[in-house]
Amino acid sequence: MVIGTFATVIGAWIRVLGQWSFWPVLIGQVIAAMGQPFILNAPPKLAGNWFPGWFLFLCPIPLPSAPLLFPLVSFPFLTQM
Numbered sequence: 026m027v028i029g030t031f032a033t034v035i036g037a038w039i040r041v042l043g044q045w046s047f048w049p050v051l052i053g054q055v056i057a058a059m060g061q062p063f064i065l066n067a068p069p070k071l072a073g074n075w076f077p078g079w080f081l082f083l084c085p086i087p088l089p090s091a092p093l094l095f096p097l098v099s100f101p102f103l104t105q106m
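With positions in the sequence shown counted from 1, the corresponding number in our numbering is that position plus 25.
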């Protein structure tokens, strides 16, 4: 988690300091992207340490299903606005 956070922060600062030129922004994006797997794989590991053993089969389900379930849940609320 610390490695992913560090890479994301360093990549973001390189992009900010690049002042919209191509190569610094590209290098910053690559550095931030290298840290992303460390952050995206952390929630199942943290949940595995937090919850008891019989509950672990539910931990990998919410993250992959979130992009599919969010439009179904939010659509009724958005149409009423």
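Ideal placement from N, C-alpha and C gives every residue a C-beta, glycine not left out.
Given 6 Å as the limit, tell me if residue i has its C-beta closer than that to any heavy atom belonging to the ligand NAD.
i, result
"M59", "No copy of the ligand NAD appears in this structure; indeed no ligand is present at all."
Give me the Cα-Cα distance between residue i and residue j, rounded to the nearest whole angstrom.
i, j, result
"S90", "P69", "14 Å"
"V98", "N74", "29 Å"
"F100", "G36", "35 Å"
"V34", "L71", "21 Å"
"S46", "P92", "32 Å"
"Q54", "M26", "18 Å"
"W48", "T104", "42 Å"
"I52", "F95", "32 Å"
Excluding the five sequence neighbours on either side, which residues of its own chain have a C-beta within less than 6 Å of the C-beta of residue i, listed in chain order?
i, result
"G29", "G60, F63, I64"
"V50", "R40, G43"
"I122", "In this structure the chain extends from 26 to 106, so residue 122 is not present and cannot be described."
Quick one: give me the first and last residue of the alpha helix (DSSP H) that residue i is part of.
i, result
"M59", "47–65"
"F31", "27–42"
Please list, in chain order, all residues of the same chain as residue i whose beta carbon is under 8 Å from its beta carbon, the five residues on each side excluded.
i, result
"P77", "none"
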